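Chains as they are written, first to last, in the UniProt record's numbering: chain A, 1 to 350; chain E, 1 to 350.
Glycine included, each C-beta is placed from N, C-alpha and C at the ideal position.
In this text the structure is predicted, and so the values were computed from the model without any measurement.
Before any comments, here is the structure.
There are 2 protein chains.
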Amino acid sequence: MKSRIVTTKEIAIRAGVSRGVVSFVLNGSNGNIRVSEDTRRRVIDAANELGYTPNQAAQSLRRGTSKMIGYVKREIQKTWLEQTVSHLLSTYVTTNAQKRGYNIIEVSPESQTSNQQSLTQILMSHRVDGVIFDWPISHTVVEPFVNNGIPIVQLLRPQYTVATSTVIVDASKGISDAVAHLVHLGHTRIAYIGHGGNHPVDKSRFENFVNSLKNNCLNIYNEYVKLGSSYSLTEGYEFTLDLLKLKNPPTAIFTSSDIHALGTLRALYHEHINVPNDISVISYDDMLGNLLYPPLTSVSQPFEEIAESAVELIIGEIEGDGSNPQHNRHIFLPTYLTVRESTAMPNVPS
Amino acid sequence: MKSRIVTTKEIAIRAGVSRGVVSFVLNGSNGNIRVSEDTRRRVIDAANELGYTPNQAAQSLRRGTSKMIGYVKREIQKTWLEQTVSHLLSTYVTTNAQKRGYNIIEVSPESQTSNQQSLTQILMSHRVDGVIFDWPISHTVVEPFVNNGIPIVQLLRPQYTVATSTVIVDASKGISDAVAHLVHLGHTRIAYIGHGGNHPVDKSRFENFVNSLKNNCLNIYNEYVKLGSSYSLTEGYEFTLDLLKLKNPPTAIFTSSDIHALGTLRALYHEHINVPNDISVISYDDMLGNLLYPPLTSVSQPFEEIAESAVELIIGEIEGDGSNPQHNRHIFLPTYLTVRESTAMPNVPS
DNA sequence: CTGAAAGCGCTTACAG
DNA sequence: CTGAAAGCGCTTACAG
Numbered sequence: 001m002k003s004r005i006v007t008t009k010e011i012a013i014r015a016g017v018s019r020g021v022v023s024f025v026l027n028g029s030n031g032n033i034r035v036s037e038d039t040r041r042r043v044i045d046a047a048n049e050l051g052y053t054p055n056q057a058a059q060s061l062r063r064g065t066s067k068m069i070g071y072v073k074r075e076i077q078k079t080w081l082e083q084t085v086s087h088l089l090s091t092y093v094t095t096n097a098q099k100r101g102y103n104i105i106e107v108s109p110e111s112q113t114s115n116q117q118s119l120t121q122i123l124m125s126h127r128v129d130g131v132i133f134d135w136p137i138s139h140t141v142v143e144p145f146v147n148n149g150i151p152i153v154q155l156l157r158p159q160y161t162v163a164t165s166t167v168i169v170d171a172s173k174g175i176s177d178a179v180a181h182l183v184h185l186g187h188t189r190i191a192y193i194g195h196g197g198n199h200p201v202d203k204s205r206f207e208n209f210v211n212s213l214k215n216n217c218l219n220i221y222n223e224y225v226k227l228g229s230s231y232s233l234t235e236g237y238e239f240t241l242d243l244l245k246l247k248n249p250p251t252a253i254f255t256s257s258d259i260h261a262l263g264t265l266r267a268l269y270h271e272h273i274n275v276p277n278d279i280s281v282i283s284y285d286d287m288l289g290n291l292l293y294p295p296l297t298s299v300s301q302p303f304e305e306i307a308e309s310a311v312e313l314i315i316g317e318i319e320g321d322g323s324n325p326q327h328n329r330h331i332f333l334p335t336y337l338t339v340r341e342s343t344a345m346p347n348v349p350s
Numbered sequence: 001m002k003s004r005i006v007t008t009k010e011i012a013i014r015a016g017v018s019r020g021v022v023s024f025v026l027n028g029s030n031g032n033i034r035v036s037e038d039t040r041r042r043v044i045d046a047a048n049e050l051g052y053t054p055n056q057a058a059q060s061l062r063r064g065t066s067k068m069i070g071y072v073k074r075e076i077q078k079t080w081l082e083q084t085v086s087h088l089l090s091t092y093v094t095t096n097a098q099k100r101g102y103n104i105i106e107v108s109p110e111s112q113t114s115n116q117q118s119l120t121q122i123l124m125s126h127r128v129d130g131v132i133f134d135w136p137i138s139h140t141v142v143e144p145f146v147n148n149g150i151p152i153v154q155l156l157r158p159q160y161t162v163a164t165s166t167v168i169v170d171a172s173k174g175i176s177d178a179v180a181h182l183v184h185l186g187h188t189r190i191a192y193i194g195h196g197g198n199h200p201v202d203k204s205r206f207e208n209f210v211n212s213l214k215n216n217c218l219n220i221y222n223e224y225v226k227l228g229s230s231y232s233l234t235e236g237y238e239f240t241l242d243l244l245k246l247k248n249p250p251t252a253i254f255t256s257s258d259i260h261a262l263g264t265l266r267a268l269y270h271e272h273i274n275v276p277n278d279i280s281v282i283s284y285d286d287m288l289g290n291l292l293y294p295p296l297t298s299v300s301q302p303f304e305e306i307a308e309s310a311v312e313l314i315i316g317e318i319e320g321d322g323s324n325p326q327h328n329r330h331i332f333l334p335t336y337l338t339v340r341e342s343t344a345m346p347n348v349p350s
């Protein structure tokens with residue numbers, strides 16, 4: 001049953017033409033060749049009958065382009081939740097790339113162990129035409145590719161010290177809608193639980209929150225602001241307990257990630273505080289929102305579009321748009337509010 | 001800054017040797033060549049100084065082996081939860097393969113659209129040395145590879161109509177421990193919510209549950225058995241409401257997947273029934289268990305080991321163990337119980 | 001120990 | 001319209 005591997009040579013013989021003609025018929029693009037409809041058919045039929053599959057390695061070697069795009073995942077996290085984003089993106093990236101004739105070779109960020117090839121070497125040795133980074137851990141991992149002139153796109157949380165194209169999310173729309181939503185319901189005491197990190201991705205969430213409060217003529221109270229040092233369930237949990245102990249606890253909590261929200265919900269559950277009757281909760285990410293109880297009102301991120309844009313950007317750079325060559329491009333995709341059942345009017349006169 | 005791509009030829013020139021020697025020094029394996037320590041050093045130094053990276057395509061073409069393993073993801077699901085398993089596996093598979101000098105090329109199952117290359121063609125054209133399938137949707141997608149003599153490993157939910165190596169999970173240990181745990185706590189009215197499908201993976205969970213009850217001298221009551229047609233939150237939700245309406249509701253619920261458990265928890269939350277004080281819940285999968293409120297007692301699956309085994313199996317087949325050639329192997333990995341906070345003594349005399 | 005040559009499968013000028 | 005040849009970068013017998 002094991003079928004021999006078919007080459008262009010065999011097709012040429014069966015169709016009674018030269019290998020050059022086979023190559024031309026099968027993938028066009030050769031200036032001065034013209035072929036009769038009859039010949040073309042014979043070649044195509046022969047290829048199908050023999051079950052021909054071109055040898056990528058040979059094509060890649062000859063053409064000098066591999067039709068492969070490297071995808072560097074974010075680091076493995078202890079909780080899988082943070083990875084879910086990574087997974088969604090990688091799946092959508094793969095699908096989109098396939099549609100456009102490119103394949104994805106995935107690598108995990110290098111654990112500095114032993115004799116293992118580095119991520120850079122792996123991707124270089126496959127002569128990838130471009131590389132997409134999801135949340136790169138360090139600029140050192142991105143730079144080698146830039147230095148070699150390989151097109152790069154960084155997703156979601158770029159290393160800004162190295163100049164590449166980026167696809168990131170603009171938190172402002174989603175967060176301002178979220179705050180407006182709470183204000184319309186009658187909330188004025190709105191707490192923020194989040195990551196106090198220095199990366200623009202962390203900061204922008206908080207800044208957008210602050211601005212949105214201001215736009216609604218609300219004050220920021222320090223006691224309602226809980227900035228931690230990571231995206232962590234535990235911090236969400238502890239911060240929420242802290243908030244509940246205040247003399248004047250908030251009537252709504254905005255958590256800047258789903259992982260924080262899980263901690264918040266756990267704390268509220270323990271304290272027998274009902275969502276949304278006793279307190280409203282809005283999360284950011286919307287990975288889990290639809291699955292939890294109650295289903296969470298959330299700021300949603302357009303993951304499918306992020307992947308699409310990334311693929312489009314990088315293929316554009318690989319194939320050269322023509323129009324504006326060589327320039328890095330930066331795509332901002334808007335977030336949006338998804339209202340579910342975790343928000344309601346405050347039950348305490350505010 | 002863009003560095004030229006370095007070939008063995010340049011290394012040979014710089015080191016003052018022939019390309020054959022370069023090849024030998026860089027990757028051993030050539031019968032009748034011996035090289036002085038000095039020469040070896042010169043070659044290695046030259047390679048490093050020039051920043052040499054072997055061209056995979058050339059190596060692959062010449063060697064007839066690509067050092068690439070195809071990884072076929074499960075289909076994109078509507079809810080991402082089911083994909084999380086896929087993601088964990090794919091990450092661990094990638095990492096393990098990298099450690100052993102293989103790279104993963106990931107493909108999404110073919111959406112039958114348009115002119116898109118099929119998954120089979122993609123993988124064939126890259127001349128992958130083997131393919132790992134995570135939960136293949138149909139035997140038709142696996143067969144072409146088997147017919148071409150390409151080593152295959154199917155994970156978790158194999159298509160049994162096609163003979164390949166498999167890595168699957170043995171539910172018995174985890175489930176019998178789970179039931180024993182409930183029985184020791186004093187439960188006798190234990191309900192089962194799950195997928196009533198025909199695949200051994202679905203059936204074995206239920207059968208193990210039934211056997212475990214019997215082993216503990218408990219009867220199975222039909223009204224406590226809820227078999228649906230998928231892994232779905234909605235079914236978990238509806239089934240739980242049904243159970244609560246019984247004259248004699250169960251004091252514990254075993255859900256055969258985390259996605260069912262989410263539905264169950266949502267229903268209990270709506271009905272203001274406390275877990276574990278009013279009712280105990282055990283889930284199967286343990287993807288979410290640690291994140292929910294309360295943290296779920298769960299039957300855990302050893303995902304890291306599954307990935308490890310898959311990589312080991314397939315590389316074994318690719319490189320030929322020598323010992324037992326050609327024979328498909330089947331690995332069963334045990335599940336185990338992780339006790340958390342969703343189980344307690346029943347508060348109703350049973 | 002070393003060098004020259006063939007060939008993996010393909011594509012692409014180039015000459016007819 | 002077609003064929004013969006070169007060459008992508010590598011590895012591997014084979015002859016010295």
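Quiz item: Tell me which same chain residues have a C-beta within less than 8 Å of the C-beta of A:V275, skipping the five on either side of it?
Solution: L265, L268, V281, P294, S342
Quiz item: In the structure shown, what three-state DSSP assignment does A:V72 receive?
Solution: strand
Practice problem: Hey, could you find the ends of the alpha helix (DSSP H) E:A47 is sitting in? | Solution: 37-50
Quiz item: What first and last residue would you give for the alpha helix (DSSP H) that runs through A:L26?
Solution: 19-27
Quiz item: Taking the DSSP output, what are the residues bridged to A:Q83?
Solution: Per DSSP, none; premise fails for A:Q83.
Quiz item: With respect to the beta strand (DSSP E) encompassing E:L333, which residues constitute its N-terminal and C-terminal limits?
Solution: 330-334
Quiz prompt | Segments assigned beta strand (DSSP E), at least 3 residues, entirely inside the stretch 233-265 of chain E | solution = 252-255
Quiz prompt | Reduced DSSP category for E:E223 - H, G, I as helix; E, B as strand; rest coil | solution = helix
Quiz prompt | Cβ-heavy atom distance, A:L292 to the ligand MN, below 6 Å | solution = Of ligands this structure carries none, so the ligand MN is not represented either.
Quiz item: Do E:I137 and E:F145 have their C-beta atoms closer together than 7 Å?
Solution: no
Quiz prompt | Stretch pair the stretch 115-133 of chain A + the stretch 118-136 of chain E: three plus CB contacts closer than 8 Å | solution = no
Practice problem: Determine the burial state of E:G228: buried for a count of at least 16 other Cβ atoms within 10 Å of its Cβ, exposed for fewer. | Solution: buried
Quiz prompt | Opposing strand residues paired with A:V153 [DSSP bridges] | solution = A:I132, A:S165
Quiz item: Across which residues does DSSP place A:Y284 in a beta bridge pair?
Solution: A:V299
Quiz item: Which of helix, strand or coil does DSSP assign to A:H184?
Solution: helix
Quiz item: Ordered along the chain, which non-local residues of its own chain (more than five positions away) have a Cβ less than 6 Å from that of E:S114?
Solution: Residue placement at E:S114 cannot be trusted, given a pLDDT of 45 that sits under 50; the coordinates are not used to answer.
Quiz item: Among A:A261, A:A252, A:E223, A:G196, which residue has its Cα nearest to the Cα of A:S230?
Solution: A:G196
Quiz item: Could you give the residue range of the alpha helix (DSSP H) that holds E:I12?
Solution: A quick correction: the sequence has Ala, not Ile, at residue 12 of chain E. From DSSP, the alpha helix (DSSP H) with E:A12 extends over 8-15.
Quiz item: Secondary structure at E:E106, three-state DSSP: helix, strand or coil?
Solution: strand
Quiz item: By Cβ distance, which residues of its chain are closer than 6 Å to A:R74, with the 5 residues on each side in sequence left out?
Solution: S86, D134, W135
Practice problem: Pull up the DSSP beta-bridge partners for A:H338, would you. | Solution: Reading the sequence as shown, one finds Thr at residue 338 of chain A and not His. According to DSSP, which records beta bridges pairwise, A:T338 is partnered with A:S298.
Practice problem: Could you tell me which chain E residues have their CB closer than 7 Å to the CB of A:A57, listed as they occur along the chain? | Solution: A57, S60, L61, S66, R127
Quiz item: Looking at C-alpha atoms only, which residue of E:V35, E:D38, E:P54, E:R41 is the closest neighbour of E:V6?
Solution: E:P54
Practice problem: Could you name the residues of chain E that A:T343 contacts, counting a contact when the two beta carbons are closer than 9 Å? | Solution: Under the 9 Å cutoff, chain E gives no residues; its nearest Cβ is about 16 Å from A:T343.
Quiz item: Run through DSSP, which three-state label would E:I137 get?
Solution: coil
Quiz prompt | Closest by C-alpha distance to E:S179, when choosing among E:I150, E:K214, E:N148 | solution = Rather than Ser, the amino acid found at residue 179 of chain E in this sequence is Val. The option with the nearest alpha carbon to E:V179 is E:K214.
Practice problem: Could you list which residues in chain E have their beta carbon closer than 7 Å to that of A:L265, in chain order? | Solution: Y293
Quiz item: E:P346: buried (16+ other C-beta within 10 angstroms of its C-beta) or exposed?
Solution: buried
Quiz item: Any C-beta of chain E sitting closer than 7 Å to the C-beta of A:I104?
Solution: yes
Self-check item: Reduced DSSP secondary structure (H/G/I, E/B, other) of E:M345
Solution: coil
Practice problem: State yes or no: is the C-beta of E:S204 within less than 7 Å of the C-beta of E:S176? | Solution: no
Self-check item: Partner residues on chain E for A:S86, Cβ-Cβ distance less than 9 Å
Solution: H87, T91
Quiz item: Is DSSP giving E:A171 helix, strand or coil here?
Solution: coil
Exercise. For E:Y92, name the three-state secondary structure that DSSP assigns.
Key: helix
Quiz item: Is any beta-carbon of chain A found at less than 7 Å from that of E:Q83?
Solution: yes
Quiz item: Contact check, E:V43 vs E:I11 under 8 Å by CB: the rounded distance?
Solution: 6 Å
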